[in-house]
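S.K.:
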Amino acid sequence: MHSTRHPGLKWTRASLFLLLVLLLCRAADAHAAADGVVNGIVRDELLKPIKGAQVVLHDARGAKVGQARTAEDGSFTFSGVPFGDYTVEANAPGRVEGHEHVQISSTEAAQVEIYCVSQESNSVIIEEPDVAAPQRSVGSVATLSRRALKELPQGEDRSITEVITTQPGFVLDAFGNVYARGSHANIQYQVDGIPIPDSVGNLFAQALPVRLIENLEILTGGIPAEFGDRLAAVVNISTRHGGAEPDGLAQVRYGSFQTIEPSVYYSRSFGKVGLFVGGSYLQSQRALDSPAVAPILHDDGRSGRAFLRFDWTLGAADRLEVFVSYAHNFFQIPFDPTVVPLDPIHPLLIRPLDAFGNRSPPYIPHDTNATETEDEVFVTASWVHTFGKRGQLQVAPYYKLSAGALASDATYALGLLADPGTTASDVNRRADHLGGVLHYSLHLGGHLLKVGAQMDGLIGATDYALHVRDDVSGHGGVDAKLGGAGTDRTSAVLSGAYLQDRWDRGRFGMNAGVRVDELHVALAGGQSDDQVGVSPRMGASFAFKEDLVGHLFCGINWQPPAPLDAANAARVLGVVPATVAVTYDVQAETDLYGEAGLDVRILKKLKLGAVGWGRYAWNQLDDIAIGATNLIANYNFERGRAVGAEGKLDLVYKDWLSAFANVSWEIAQGQGVASAKYLFTAAQLADPSWQTLDHAQTLTANLGATLRHGGAAFSTLFSYGSGLRTGPANDQTVPQHLRVDATLQYAFDNVPLRPMVAVDVINLFDAHYAFRIANGFVGSSYAAPRTMFVRLSVPLSGGRP
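This is the structure in structure tokens:
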């Protein structure tokens, strides 16, 4: 990694956007929506290959995706297929049709064998649901179908962040942020192959409705070179699109804390044009997990979501897709009701430490109306052109607006009962991203070659006002002579390019590639900060048997920081004078990463998997969550290290029971604060020891099951955590917890309008467990007590959505 600061380079909004438009004509990010490959063979009852059989590939909705004829050796191939669940059917004259279900990943070539027995044969084919065969990916990949998403407790009302944390290696914090395998480098979200730029907190993942998703692919390790920044994990989202038959749902959800959420979506295709549109609105008296289980103080909130997908098949070789999403959040910042005002008779009285040795946070007068507002708009248009045997090209420009406003209500926050010397800040954050993706893939024999580049331009501004309490008058309030206001401006360009080859030969598969990334940040005074990273990555998989697959991976991940967020903590906390510019010194993280894993399927009903991984980092990124808000800021440790192991289980029994389980063990540490040092005390900066990170949880486990009978279904999820770190030096652990969620639903298909009623119980046994307990910059946060919701939904189509 190389970092320099150059004088004389000055970026304006107009010049930066002009540069981006010019560069988009030839470069963009490379994350294809349709890179999956299916290799297969059709055989007869004597295991001999069948030449000339017709093979058809159908998606989960039954729509035909591709068609082929088998070669002399009975083989066939489908390339350029989006990841997800599919059915492959084969027909040959005089033979019974054969078919197999296959799960396609964007990182592997799926293998399938189909048998077409003679019509005179006495063979009897009995089909029962099976667990998916082990994937031949070189890394850790999980694919969740729409059915799997709907069968989790809360179904399609569960947020994507909560869905992700049902998978091994993930930890969820009090603000809905997700951390993968002890990494704080953030998660890369993609919609139909297009990477989403950074959001305020985790707004995008919390905003995108699960009911919009057709398939979800999660990469937690062994990530190929095609993927660039934010490599804690990659979440690929394949959105739904309009089909020949109308599909839709109108729903209302009501429950605890006066929570109400109406929502609707509808999809339909009209010839060559497909449309998918929907939206929702939510209002609740518990919008954030508050600093205490009870009482709930100042925690109202509301949010709105809207999305649109438009598909246009221009011809046999061209397809245009337009995707638009909008999200709005408004939160009251909750209080800690356990904190009491200082006694004026004893002004030097110190509040007692809590059970974890944390000092009490300052008292906030209860008439303070501090709030946080978040808005996000994302628009993209993707053009995909197929050159037949010469490959496939995807070009997709995008625009993203991300804005957040933290209003402290300083007049009341610094009132008579507030602590002497306290401060309050108003911070408005806005980021405009203009970028795009360009990707080309070519299937050549046993090779899947990919090449591409990326471009993301950022123009951002953080407006801030620092208010200081008037300690002289004796009446509190804002001291007009102290504090100050200003604007921190940030412009940045993130670009990258990669070359990659996936090679499959028999039981062996290899993925090798390299990418080069560069982050240019324009600083005040005409200077700039430039960082460059080179990331070679290589992995291999081997199928010892059809149902036994192992993999190895090693490589380098280069992960740049979020430039705009560097000053957030300094401005909100008031640790840098308002008249002083915040020094930008955050560096990109460079990881040396490796993993090894093994997956086995037993009797096609049970699949087991295990993986071990390790990471050593230079300039390890970490985040500071700012109080009880959704705003975060980056800083670096000089070094980082992490190691972990995971086990998983998937079970399918007939058509009435499915279940999964996983367990994760991890240790993640950092050594020596290396940047944004103004956020830390002298003792913290002088500490050379390895410090366990506050987002790392030693043990995490999940167990889920779904029972089905007719129109009824019952699903449950057990989630265990050994506790996040806490204490002034992260040397203590929050108590362990076990949370149980359950959903019971019934579809009245013989009743007019065919309604479905569901009851969701979250935290069934009312476990009062802590996410955080005042560990430095993050105030106390507790999970919500038991909550119950009732859902009533009505399909807007002829069939059950």
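When you line the sequence shown up against my numbering, it's residues 572 to 1372, in that order. Backbone N, C-alpha and C fix where the C-beta goes; we use that ideal spot for every residue, glycine too.
Using the Cβ count rule (16 or more neighbours within 10 Å means buried), how would you classify residue 1227?
M.R.: One-based indexing of the sequence shown puts residue 1227 at position 656. Residue 1227 is exposed by the Cβ-count criterion.
S.K.: By Cβ distance below 6 Å, which residues in the same chain neighbour residue 1018 in space, the five residues on each side in sequence not counted?
M.R.: Taking the sequence shown and counting its residues from 1, one reaches residue 1018 at position 447. So the list reads 1072 and 1074, once near-sequence residues are dropped.
S.K.: For residue 1098, which of helix, strand or coil comes out of DSSP?
M.R.: Reading the sequence shown from its first residue, position 527 is the one you call residue 1098. In the structure shown, residue 1098 sits in coil (DSSP, three-state: anything other than H, G, I, E or B).
S.K.: Is residue 856 buried or exposed, if buried means 16 or more other CB atoms sit within 10 Å of its CB?
M.R.: As a working note, residue 856 is residue 285 in the sequence shown. Exposed, since its Cβ has fewer than 16 Cβ neighbours within 10 Å.
S.K.: Go ahead and label residue 1224 buried or exposed: buried means 16 or more other beta carbons lie within 10 angstroms of its beta carbon, across all protein chains shown.
M.R.: Here the question's residue 1224 lines up with position 653 in the sequence shown. So residue 1224 ends up on the exposed side.
S.K.: Buried or exposed: which applies to residue 795, given that a residue is buried once 16 or more other Cβ atoms fall within 10 Å of its Cβ?
M.R.: Reading the sequence shown from its first residue, position 224 is the one you call residue 795. Buried.
S.K.: Quick one: grab the DSSP three-state call for residue 613.
M.R.: Mapped onto the sequence shown, residue 613 falls at position 42. DSSP places residue 613 in strand when its eight states are reduced to three.
S.K.: Go through its chain and collect everything with a Cβ distance to residue 827's Cβ below 6 Å, but skip five positions before and after it.
M.R.: Working through the sequence shown from its first residue, we reach residue 827 at position 256. 1358 and 1359.
S.K.: On a Cα-Cα basis, can you pick out the residue from 612, 1265, 703 and 750 that is closest to residue 685?
M.R.: Counted from its first residue, the sequence shown places residue 685 at position 114. The candidate whose alpha carbon is nearest that of residue 685 is 612.
S.K.: I'd like the list of long-range same chain contacts for residue 1368, defined as Cβ closer than 6 Å, with 5 residues on each side in sequence excluded.
M.R.: In the sequence shown, residue 1368 corresponds to position 797, counting from 1. These residues qualify, in order along the chain: 817, 818 and 819.
S.K.: Is DSSP giving residue 1356 helix, strand or coil here?
M.R.: To locate residue 1356, count along the sequence shown from 1; it is residue 785. Three-state result, residue 1356: coil.
S.K.: Would you mind working out which of 1279, 899 and 1184 sits nearest residue 1239, comparing C-alpha positions?
M.R.: Within the sequence shown, numbered from 1, the residue matching residue 1239 stands at position 668. With distances taken between Cα atoms, residue 1239 lies closest to 1184.
S.K.: What residues in its chain sit with their C-beta under 8 Å from that of residue 668, if we drop five residues either side in the sequence?
M.R.: Translated into positions along the sequence shown, residue 668 becomes position 97. Taken in chain order, the residues that qualify are 660, 661, 662 and 687.
S.K.: Tell me the DSSP secondary structure of residue 731 in three-state form.
M.R.: Working through the sequence shown from its first residue, we reach residue 731 at position 160. Note: residue 731 maps to helix in three-state DSSP.
S.K.: Less than 8 Å between the CB atoms is what I'm expecting for residue 911 and residue 932, so what's the real figure, rounded?
M.R.: Here residue 911 corresponds to residue number 340 of the sequence shown, with the count starting at 1. Here residue 932 corresponds to residue number 361 of the sequence shown, with the count starting at 1. Actually they do not touch by this definition, with Cβ atoms about 12 Å apart.
S.K.: My guess is that residue 645 and residue 620 are in contact by the Cβ rule of under 8 Å, so how many angstroms apart are they, rounded?
M.R.: Translated into the one-based positions of the sequence shown, residue 645 becomes position 74. Translated into the one-based positions of the sequence shown, residue 620 becomes position 49. With 8 Å as the limit, residue 645 and residue 620 qualify as a contact, their Cβ atoms being about 3 Å apart.
S.K.: Assign residue 1048 to one of three DSSP states: helix, strand, or coil.
M.R.: Here residue 1048 refers to the residue found at position 477 of the sequence shown. Coil.
S.K.: According to DSSP, is residue 982 helix, strand or coil?
M.R.: Here residue 982 corresponds to residue number 411 of the sequence shown, with the count starting at 1. Helix, per DSSP.
S.K.: Sort 1339, 1178 and 1131 by Cα distance to residue 865 and report the nearest one.
M.R.: Counting from 1 along the sequence shown, the entry for residue 865 is found at position 294. With distances taken between Cα atoms, residue 865 lies closest to 1339.
S.K.: Is it right to say residue 1351 is buried, meaning 16 or more other beta carbons lie within 10 angstroms of its own, or is it exposed?
M.R.: Counting from one through the sequence shown, the residue named residue 1351 turns up at place 780. Burial call: buried.
S.K.: I believe residue 568 touches residue 810 by the beta-carbon criterion, under 8 Å. Please report the beta-carbon distance rounded to the nearest angstrom.
M.R.: No answer is possible for residue 568: it lies beyond the span of the chain, which begins at 572 and ends at 1372.
S.K.: Closest by CA to residue 674, which one among 1234, 1038, 715 and 769?
M.R.: In the sequence shown, counting from the first residue as 1, residue 674 sits at position 103. Comparing Cα positions, the closest option is 715.
S.K.: Whole alpha helix (DSSP H) runs in the segment 1220 to 1300 with 4 or more residues, listed along the chain?
M.R.: Complete alpha helix (DSSP H) runs here, min 4: 1253 to 1257.
S.K.: Can you tell me which of the three DSSP states residue 1178 falls into?
M.R.: The residue labelled residue 1178 in the question sits at position 607 within the sequence shown. Of the three classes helix, strand and coil, the one that applies to residue 1178 here is strand, per DSSP.
S.K.: Counting pairs of Cβ atoms below 8 Å between the segment 697 to 713 and the segment 1170 to 1186, do you hit three or more?
M.R.: The answer is yes - the segment 1170 to 1186 touches the segment 697 to 713, with three or more Cβ pairs under 8 Å.
S.K.: Can you tell me whether DSSP reads residue 597 as helix, strand or coil?
M.R.: For the purposes of this step, residue 597 is taken as the residue at position 26 of the sequence shown. Bear in mind that the predicted position of residue 597 carries a pLDDT of just 34, short of 50, making it unreliable; the figure below should be weighed with that in mind. DSSP places residue 597 in coil when its eight states are reduced to three.
S.K.: List, from N- to C-terminal side, the alpha helix (DSSP H) runs of 4 residues or more that fit wholly inside the segment 1014 to 1047.
M.R.: The qualifying runs do not exist here; there are none.
S.K.: Residue 735: buried (16+ other C-beta within 10 angstroms of its C-beta) or exposed?
M.R.: Looking up residue 735 in the sequence shown gives position 164. Flag for residue 735 reads buried.
S.K.: Count the CB pairs spanning the segment 1123 to 1132 and the segment 1155 to 1175 that are closer than 8 Å, and state whether there are at least three.
M.R.: Cβ pair count under 8 Å is three or more, so yes.
S.K.: Does the count of Cβ pairs from the segment 1051 to 1060 and the segment 1020 to 1029 closer than 8 Å reach three?
M.R.: Counting Cβ pairs under 8 Å, fewer than three are found: no touch.
S.K.: Ordered along the chain, which non-local residues of its own chain (more than five positions away) have a Cβ less than 7 Å from that of residue 597?
M.R.: To locate residue 597, count along the sequence shown from 1; it is residue 26. Residue confidence for residue 597 is low, a pLDDT of 34 falling below 50, so the modelled location carries little weight and cannot support an answer.
S.K.: Do you know offhand how far residue 1330's Cα is from residue 1241's?
M.R.: Along the sequence shown, one-based indexing puts residue 1330 at 759. Along the sequence shown, one-based indexing puts residue 1241 at 670. Answer to the nearest angstrom: the Cα atoms are 43 Å apart.
S.K.: Which word fits residue 599, buried or exposed, when buried means at least 16 other C-beta atoms lie within 10 angstroms of its C-beta?
M.R.: Looking up residue 599 in the sequence shown gives position 28. Legend: pLDDT at residue 599 = 33, less than 50; position of this residue unreliable, value from coordinates given subsequently. Buried: at least 16 other Cβ atoms inside 10 Å.
S.K.: Figure out for me which residue from 1194, 1213, 738 and 1216 has the closest Cα to the Cα of residue 1206.
M.R.: As a position in the sequence shown, residue 1206 is number 635, starting the count at 1. Considering only alpha carbons, the answer is 1194.
S.K.: Taking the C-alpha atoms as reference points, what is the distance between residue 1233 and residue 1032?
M.R.: Along the sequence shown, read from residue 1 onward, the residue named residue 1233 stands at position 662. Along the sequence shown, read from residue 1 onward, the residue named residue 1032 stands at position 461. Those two C-alpha atoms are separated by around 42 Å.
S.K.: Report all residues from its chain with a CB closer than 7 Å to the CB of residue 679; omit the five preceding and five following residues, and keep chain order.
M.R.: Mapped onto the sequence shown, residue 679 falls at position 108. Cβ neighbours of residue 679 beyond the five flanking positions: 706, 707, 708 and 1080.
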